[in-house]
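*Asks:* So in my numbering, the last one in the sequence shown is 794, and the numbering has no gaps at all.
For glycine and all other residues, C-beta sits at the position ideal for the given N, C-alpha and C.
The following block contains the structure, expressed as structure tokens.
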Amino acid sequence: MLLAGCLFAAWPAAQRAGAQQSTIRITAGGATRNYVTSSGVEYQTDRYFQLGGTTYYGGRIAGTDDSYLYATGRAGLYTDFSYRIPVANGTYKLTLKFAETSCTRPGERVFNVTVNGAPVLTNFDILAEVPPATALDKSFLVRADGGVLDIRFTKVRGRGAVSAIVVEPSGHASPLPEPVPAPGNPPPPPAAGSGNQWYAAPNGSPHGDGSRSNPWDLATALAGPSSVRPGDTIWLRSGTYGDSRTIFHSRLKGTSAKPVIVRQYPGERATIDGGLATYSPYTWYWGFEITNSKTHRGEGRSAPECVCTYDGSTGVKLINLVLHDCSQGIGFWTPARDAEAHGNLIYYNGYQGDSRGHGHGIYVQNRNGTKTISDNIIFSQFGLGIQAYGSGSAFVENIVADGNIVFNNGAISKDGIHVDNILFAGGAGLRNITVTDNYTYHTPDENDGYSRLGWPWSDVNHNVVARGNYWIGGESVIELWNWNRATFTGNTIYGRDMLMVMLQTTGNQNPASYEWRNNRYFGSARFRLGRSNESWTAWRAAGLDRDSTYTPGAPSGVWAFVRPNKYEAGRGNIVVYNWDQRSSVEVDLSGVLQRGARYEIRDAQDFFGHPVATGTYNGGKVAIPMAGLRAADAVGGVPTSPRHTTAEFGAFVVLTR
138 MLLAGCLFAA WPAAQRAGAQ QSTIRITAGG ATRNYVTSSG VEYQTDRYFQ LGGTTYYGGR
198 IAGTDDSYLY ATGRAGLYTD FSYRIPVANG TYKLTLKFAE TSCTRPGERV FNVTVNGAPV
258 LTNFDILAEV PPATALDKSF LVRADGGVLD IRFTKVRGRG AVSAIVVEPS GHASPLPEPV
318 PAPGNPPPPP AAGSGNQWYA APNGSPHGDG SRSNPWDLAT ALAGPSSVRP GDTIWLRSGT
378 YGDSRTIFHS RLKGTSAKPV IVRQYPGERA TIDGGLATYS PYTWYWGFEI TNSKTHRGEG
438 RSAPECVCTY DGSTGVKLIN LVLHDCSQGI GFWTPARDAE AHGNLIYYNG YQGDSRGHGH
498 GIYVQNRNGT KTISDNIIFS QFGLGIQAYG SGSAFVENIV ADGNIVFNNG AISKDGIHVD
558 NILFAGGAGL RNITVTDNYT YHTPDENDGY SRLGWPWSDV NHNVVARGNY WIGGESVIEL
618 WNWNRATFTG NTIYGRDMLM VMLQTTGNQN PASYEWRNNR YFGSARFRLG RSNESWTAWR
678 AAGLDRDSTY TPGAPSGVWA FVRPNKYEAG RGNIVVYNWD QRSSVEVDLS GVLQRGARYE
738 IRDAQDFFGH PVATGTYNGG KVAIPMAGLR AADAVGGVPT SPRHTTAEFG AFVVLTR
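Here's what the structure looks like:
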């Protein structure tokens, strides 16, 4: 941290002096000395990196006489990472050197690379181009206008990585070509004007023509007018659509290359009062609010789900929606193949049954294709946060849950009893389940709630990866049941008094065969393996966590994480574990905001209230208040009124104004 701070402080002087106009060569991950290649070219040790990451060394590399240059590298660890290289303004040839030294199959490591906010590699997979341990170079023309090249490596699957970086002045004066997405990957969302632009409004008409001056009503716009083609955008103007029981049925038709986008008009607030049922392939629903003004919460079955995915929903994306006070946030069912829910804010959904709360943030089932649930903020439902649950004929397979903030679910049900933040269970055996970099929280002092990957009523589950998650609080903090293969690495677990981990197997399953390492534990040191409770020493003696750490008692300090939004530049989620109970904390927003950007930070627990912080971003850290915050009211009578978390925990959304 000291090195990065000193370099950052020196950049303005370097820019004024016109420094760094010569070629810059960096061996990413190179530790103690410069490296001279077989042809006599010198590379500097690793420098100018930001936002963390970790270094590695991978052994012999094919396709080069300089194995060390490609075998060393920097990769993401708990966050994405970037390099900020000070340069004089101008055009440069940027060469990034890669070699895959840990993954063995295409698709295991996929990431994006941007330079000063512009994409140069999208859904990049080293192993899609060369075999493992083989050198690969990628070169681009890039422009520096602010005295720096900001090179960001952002994970899509796995973590970004780079072996070496070369920056050469190019003297190139003509306009740079626009980057092109990799073949076969979904393109970025069409900008306004790339397809036809249509409009719906609360005062629109079925007889309108969809123009700005003569908009459709929402039912007509979603019904699939013949004039709406793949690649078009339907803008929703400000106001309320529906009357609490209205379910809008969407039958639009996009393609994988040209989705139809239904999006809230910039700077306005469009609200559906009722629900949305989609039968639409390759349609993206983006940025608007869905809620339910029905005030009686005891008969939730008669109220709509905020979003429900039916037959024909292949390729659907639910992006940055605000989904609250419905009978369920998202019914993410099997027909939604290769679908995604990203960046949504989901809270206060469900209703009270006779014995428990019903209705979840996301209820998901899947079989074919991959269903992705990423970077959502999900809290305080009547039921569970994310429930992936099936039966003998309803499958729970090929699901990725990544980067979600999930906390205190069940809190508004009768007696405020917490249930699972994340549950994967049921089905004909769970298969291909990936749970990475999620941030969970049950108020630790209450010793209430769960997160479970499998459960006692399942038989054999097939394979799970749980990596880089924060499992915090609960009656049992994290449970894993009946897995043939399990990877549990890089997780952080804190349970104040109760079980930190419950691990159960069946038949011939052997915990010693799991990849279970590099985890951090705080709190009770209570573990359950099979039918017996184990100490930390006995747990490790069973072949688990031999290179992990345990610290008695509660964590200390502040853990703050910022997740840039995949679809909107200048937007991101912030999660803070404020163990020191500070009244405010400082959070580095350089991974989301550009210098000079006007921003606002909104409390996820009171999203439509006043921002908790606003300003013009000047770089570095921004103060966020953690004390004195309030929770938004729920619609209608709920058994337990919503309570804001204490200063110990917070979730926020940063937006560019």
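Along the chain, which unbroken stretches of the alpha helix (DSSP H) at least 4 residues long are found entirely within the region 516–540?
*Replies:* Listed in chain order, there is nothing to give.
*Asks:* Since Ser-393 is in the beta strand (DSSP E), which residue starts that stretch and which ends it?
*Replies:* Segment: none, Ser-393 is in no beta strand (DSSP E) and carries neither H nor E.
*Asks:* If you draw a straight line from the C-alpha of Thr-782 to the C-alpha of Ile-711, how long is it?
*Replies:* Distance between the alpha carbons of Thr-782 and Ile-711 is about 15 Å.
*Asks:* In whole angstroms, what is the alpha-carbon distance linking Ile-559 and Ser-528?
*Replies:* Straight-line Cα distance between these residues: approximately 18 Å.
*Asks:* For Gly-368 and Leu-359, what's the separation of their Cα atoms in angstroms?
*Replies:* If you take the alpha carbons of Gly-368 and Leu-359, they lie about 15 Å apart.
*Asks:* Comparing C-alpha positions only, which one of Ser-176, Met-635 and Ala-298 sits nearest to Thr-192?
*Replies:* Nearest option by C-alpha distance: Ala-298.
*Asks:* What first and last residue would you give for the beta strand (DSSP E) that runs through Ala-407?
*Replies:* Counting along the chain, the beta strand (DSSP E) containing Ala-407 begins and ends at 407–415.
*Asks:* Touch check for the region 615–629 and the region 580–595: three-plus C-beta pairs under 8 Å?
*Replies:* The region 615–629, when compared against the region 580–595, does touch it at the 8 Å Cβ threshold.
*Asks:* Verify whether the separation of the beta carbon atoms of Ile-806 and Trp-423 is less than 8 Å.
*Replies:* The structure shown does not extend to residue 806, since the chain is modelled only from 138 through 794, so no value can be given for it.
*Asks:* Between the alpha carbons of Val-790 and Ser-176, how many angstroms are there, rounded?
*Replies:* Roughly 49 Å separates the two Cα atoms.
*Asks:* So for Ile-398, helix, strand or coil by DSSP?
*Replies:* Three-state result, Ile-398: strand.
*Asks:* May I have the straight-line CA-CA distance separating Val-537 from Ala-478, to the nearest angstrom?
*Replies:* Their backbone Cα atoms lie some 10 Å apart in a straight line.
*Asks:* With distances taken Cα to Cα, identify the nearest neighbour of Thr-209 among Thr-241, Gln-181 and Thr-793.
*Replies:* Of Thr-241, Gln-181 and Thr-793, the residue nearest in Cα terms is Gln-181.
*Asks:* Around the Cβ of Gly-340, are there at least 16 other Cβ atoms within 10 angstroms (buried) or fewer (exposed)?
*Replies:* The residue asked about is misnamed: residue 340 is Asn in this sequence, not Gly. It counts as exposed.
*Asks:* Does the Cβ of Leu-313 have 16 or more other Cβ atoms within 10 Å, making it buried, or fewer, making it exposed?
*Replies:* Legend: pLDDT at Leu-313 = 34, less than 50; position of this residue unreliable, value from coordinates given subsequently. Exposed, by the Cβ-count rule.
*Asks:* First and last residue of the alpha helix (DSSP H) that includes Leu-206?
*Replies:* Taken as a continuous stretch (DSSP letters only), the alpha helix (DSSP H) holding Leu-206 covers 204–208.
*Asks:* Kindly indicate which three-state DSSP category Glu-442 falls into: helix, strand or coil?
*Replies:* In this structure, Glu-442 counts as coil in the three-state DSSP scheme.
*Asks:* So is Val-597 in contact with chain C if we call contact Cβ pairs under 8 Å?
*Replies:* Here chain C cannot be found, since the structure has a single protein chain.
*Asks:* What does the alpha-carbon distance come out to for the pair Pro-581 and Lys-234?
*Replies:* Roughly 45 Å separates the two Cα atoms.
*Asks:* Take Thr-629 and list the residues in its own chain whose beta-carbon comes closer than 6 Å to its own, dropping the five residues that flank it on each side.
*Replies:* Excluding sequence neighbours, Thr-629 sits near Tyr-607 and Arg-657.
*Asks:* Determine the contact status of Gly-361 and Leu-389, defining contact as a CB-CB distance below 8 Å.
*Replies:* Result yes, Cβ atoms of Gly-361 and Leu-389 sit closer than 8 Å.
*Asks:* Starting from Leu-355 and walking both ways along the alpha helix (DSSP H), at which residues does that stretch end?
*Replies:* Run containing Leu-355: 355–359, per the alpha helix (DSSP H) assignment.
*Asks:* If you compare alpha carbons, which of Ile-467, Val-279 and Ala-265 is closest to Leu-273?
*Replies:* When each option's Cα is compared against that of Leu-273, the closest is Ala-265.
*Asks:* Are there 16 or more other CB atoms within 10 angstroms of the CB of Asn-755, so buried, or fewer, so exposed?
*Replies:* Burial call: exposed.
*Asks:* For Glu-245, which residues from the same chain have a beta carbon less than 6 Å from its beta carbon, with the 5 sequence-adjacent residues on both sides left out?
*Replies:* Correct list, in chain order: Gly-295.
*Asks:* Find out if the Cβ-Cβ distance for the pair Asn-261, Val-247 is shorter than 8 Å.
*Replies:* Going by the sequence as given, residue 261 is Phe instead of Asn. Yes, Cβ-Cβ distance for Phe-261 and Val-247 is below 8 Å.
*Asks:* When you compare the CB positions of Asp-217 and Arg-289, do they come within less than 8 Å of one another, or not?
*Replies:* Cβ atoms of Asp-217 and Arg-289: closer than 8 Å.
*Asks:* Could you check whether Ser-685 and Asn-803 sit closer than 8 Å to each other, using their CB atoms as the reference points?
*Replies:* Since the first residue of the chain shown is 138 and the last is 794, residue 803 is not available in this structure.
*Asks:* State the DSSP-derived secondary structure class of Ala-675, mapped to helix, strand or coil.
*Replies:* Of the three classes helix, strand and coil, the one that applies to Ala-675 here is helix, per DSSP.
*Asks:* Using the Cα positions of Val-772 and Ile-302, report the straight-line distance between them to the nearest angstrom.
*Replies:* Using only the alpha carbons, I get a separation of about 53 Å.
*Asks:* Could you tell me which residues DSSP pairs with Lys-292 in its beta bridges?
*Replies:* Per DSSP, Phe-248.
*Asks:* Per DSSP, which residues does Ile-499 bridge with? Please list them.
*Replies:* Note: Ile-499 sits in a beta bridge opposite Ile-467 and Ile-523.
*Asks:* Three or more beta-carbon pairs under 8 Å between the region 689–706 and the region 716–735, yes or no?
*Replies:* As far as the Cβ criterion goes, the region 689–706 touches the region 716–735, which means the pair count is three or higher.
*Asks:* Who are the Cβ neighbours of Asn-598 in its own chain at under 6 Å, not counting the five residues just before and after it?
*Replies:* Excluding residues within five positions, the ones whose Cβ falls inside 6 Å are Gly-566, Leu-567, Gly-591, Asn-619 and Trp-620.
*Asks:* Just how far apart, CA to CA, sit Gly-494 and Ile-514?
*Replies:* Using only the alpha carbons, I get a separation of about 20 Å.
*Asks:* Which of helix, strand or coil does DSSP assign to Lys-703?
*Replies:* Correct three-state label for Lys-703: coil.
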